[in-house]
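Report on the structure given below.
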Amino acid sequence: MSLPSNAGPRILLALSGGIAAYKSAELARRFTKAGCDVQVVMTDSALRFIGAQTFQALTGKPVRSSLWDEAAEAAMGHIELARWPDAIVIAPATANTLAKITHGFADDLLTTLVLATDRPIFVAPAMNRLMWANAATQANMATLRSRGFRVIGPGSGAQACGEVGEGRVAEPEEVASVVLAALAAGAAAKVVEGPLSGRRAVVTAGPTREPIDPVRFITNRSSGKQGYAVAESLRALGADVTLVSGPVNLPAPAGIRRVNCETAQQMLDATLAACADADILVGTAAVADYRPVEVAGQKIKKKTETLDLALTKNADILTEVRAAQPELFIVGFAAETEKLAEHARGKLERKKLNLIAANWVGDGRAFDRDDNALTVYWADGELAIGPAEKTEIAKQLAGLIAERHAAFAAAATARPVAKAPLKSKAKAK
Ligand code: C5P
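Count the sequence shown with our numbering and you get residues 4 to 432, in order.
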């Protein structure tokens with residue numbers, strides 16, 4: 004049976020093998036009733052719990068379950084299928100499938116699609132309460148969350164195995180409403196047209212946390228407000244924005260992909276990954292310059308009058324990204340307590356940046372408050388912005404980024420071979 008394709012959002016509903024699979028029939032029905040175009044993918048284990056025919060009848064499309072199905076692959080190869088949906092929903096998501104996804108396995112169709120997609124992924128975990136509470140599963144969930152996976156549930160209550168506890172799959176009604184609300188918010192945000200339409204921007208924001216022992220860490224007063232405002236302003240100019248965020252108390256802005264991280268090393272890894280296909284990087288994050296040489300395995304006891312903490316330098320994210328991406332348009336921030344112009348221009352050269360936004364800090368200025376003032380420098384110009392609310396500063400800065408990036412892109416098309424955008428031969432720190 005083949006129903007006509009709906010024009011609504013495309014959802015790839017993926018089932019891994021658990022008794023909760025029967026609930027996904029109701030989920031598929033809710034998605035199709037909401038006007039979504041639904042393609043179901045099932046693992047071999049899922050097929051042991053519920054038949055593919057059920058989903059074919061509900062969605063009007065044959066279920067995909069194998070990487071080796073020649074006819075299905077000829078119609079739409081798995082890489083194409085990974086790019087087809089607006090969202091991937093894994094429900095139920097078993098402990099095994101979540102573990103495989105966390106570690107980048109691609110040994111069946113479901114995990115291969117997850118590895119090959121850049122679309123938002125929702126997971127509805129379903130498993131026995133002890134499997135859910137297990138440190139391995141919890142560590143996997145923390146990793147997936149930090150990579151931007153949206154976790155729905157699990158709920159608590161009586162389980163199919165006869166036990167009572169946390170691990171029940173979220174009800175189809177809840178899964179559908181979370182996914183449909185997120186898609187609606189994304190669609191609303193998607194219609195933005197502007198000078199940065201078609202451009203991908205990455206923004207780092209917030210502080211980092213460098214652990215000392217299991218309960219203590221080194222951090223700073225960055226609130227992330229300026230970075231989040233810059234991300235929203237770039238989005239408002241049409242850019243596709245990924246926000247690489249340290250721990251802050253701010254909600255994820257609508258229409259923006261947020262990747263959460265904690266340490267400078269995690270922020271570096273996430274930024275390098277996000278920048279692989281980006282046009283613009285804006286580094287607003289207050290990255291810790293140093294981290295403890297050793298992280299104590301147990302809470303450090305107050306046995307001595309003084310405590311020496313040996314610190315080692317963190318990698319500079321902007322410098323590392325510049326080394327990997329000579330053609331990326333990179334905007335840095337410089338928080339200074341003296342010689343603003345001199346220090347900022349020094350950083351512009353040393354880190355091979357295209358723009359640097361400098362501000363005075365200390366004495367209650369800039370950090371953890373709603374207003375700010377910047378002077379932006381580039382190779383042959385400068386512009387003062389503010390003092391004003393951080394949101395207004397962000398708007399003007401985003402406008403300047405769009406303008407300078409357009410000039411940079413125009414010059415790049417005239418350049419015959421790839422080379423670093425700045426002429427400086429100065430060594431990065
Ligand atoms: O050298 P300084 O820390 O003053 O440079 C500030 C700029 O460099 C900011 O844009 C900040 O996000 C970035 N930075 C970085 N990685 C670090 C330290 C700072 O990307 N480890």
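The C-beta atom is built at its ideal place from N, Cα and C for all residues, glycine as well. What you are looking at is a predicted structure, and each value in this text was computed from that prediction instead of being measured.
Annotated as proximal: residue 90 and residue 122, with beta-carbon spacing under 8 Å.
Cβ-Cβ separation between residue 212 and residue 250: approximately 6 Å, consistent with a contact (criterion under 8 Å). Pairing residue 152 with residue 261, the inter-Cα distance amounts to about 10 Å.
The three-state secondary structure of residue 134, taken from DSSP, is helix. In the three-state reduction of the DSSP assignment, residue 314 falls in the strand class. For residue 325, there is no enclosing beta strand (DSSP E); the residue is part of the alpha helix (DSSP H) that begins and ends at 320 to 327. DSSP places residue 377 outside any alpha helix (DSSP H); the residue lies instead in the beta strand (DSSP E), whose first and last residues are 374 to 381. Relative to the ligand C5P, residue 287 has its C-beta within less than 7 Å of a heavy atom. Annotation: residue 162 is outside any alpha helix (DSSP H) and is labelled neither H nor E by DSSP. The alpha-carbon separation between residue 264 and residue 236 amounts to approximately 22 Å. Around the beta carbon of residue 375, 16 or more other beta carbons sit within 10 angstroms, so the residue counts as buried.
Between the alpha carbons of residue 312 and residue 407 lies a distance of about 43 Å. Per DSSP, the continuous alpha helix (DSSP H) segment holding residue 59 begins and ends at 55 to 62.
Shown here, residue 216 sits in a strand according to DSSP, grouped into three states. Take the alpha-carbon of residue 55 and the one of residue 19: they are about 13 Å apart. Taking C-beta separations shorter than 6 Å and ignoring five residues to either side along the sequence, the partners of residue 57 in its chain run 28, following chain order. Less than 8 Å separates the beta-carbon of residue 34 from that of residue 41. DSSP, read as helix, strand or coil, puts residue 68 in coil. For residue 141, the number of other beta carbons within 10 angstroms of its own is below 16, and it is reported as exposed.
The stretch 267 to 283 makes no contact with the stretch 152 to 163: fewer than 3 CB pairs, one atom from each, lie closer than 8 Å.
The beta carbon of residue 223 sits no closer than 7 Å to any heavy atom of the ligand C5P. According to the DSSP assignment, residue 35 belongs to the alpha helix (DSSP H) that extends over 26 to 36. Look at residue 48 here: in three-state DSSP terms it is helix. Take the alpha-carbon of residue 316 and the one of residue 400: they are about 30 Å apart. In this structure residue 383 is exposed. Its beta-carbon is surrounded by fewer than 16 other beta-carbon atoms within 10 angstroms.
Look at residue 320: its beta carbon is less than 7 Å from one of the heavy atoms in the ligand C5P. Burial check for residue 282: the Cβ neighbour count within 10 Å reaches 16 or more, so the residue is buried. Residue environment for residue 229: buried (at least 16 other C-beta atoms within 10 angstroms of its C-beta). Listed in chain order, the non-local C-beta contacts of residue 394 below 7 Å within the same chain comprise 232, local neighbours out to five positions each way being set aside. Assignment of residue 284 by DSSP, reduced to helix, strand and coil, places it in the strand class. Exclusion of the five residues before and after residue 280 leaves 203 as the residues of its chain whose Cβ lies within less than 7 Å of its Cβ. The continuous alpha helix (DSSP H) containing residue 117 extends over residues 112 to 118. If you look at residue 339, you'll find it in the beta strand (DSSP E) that goes 332 to 339.
Spatial neighbours of residue 181 in its own chain (CB-CB distance under 6 Å, excluding positions within 5 residues in sequence) are listed in chain order as 155. Taking the Cα positions, residue 361 is about 14 Å away from residue 333. Judged by their CB atoms, residue 129 and residue 171 are nearer to each other than the 8 Å cut-off.
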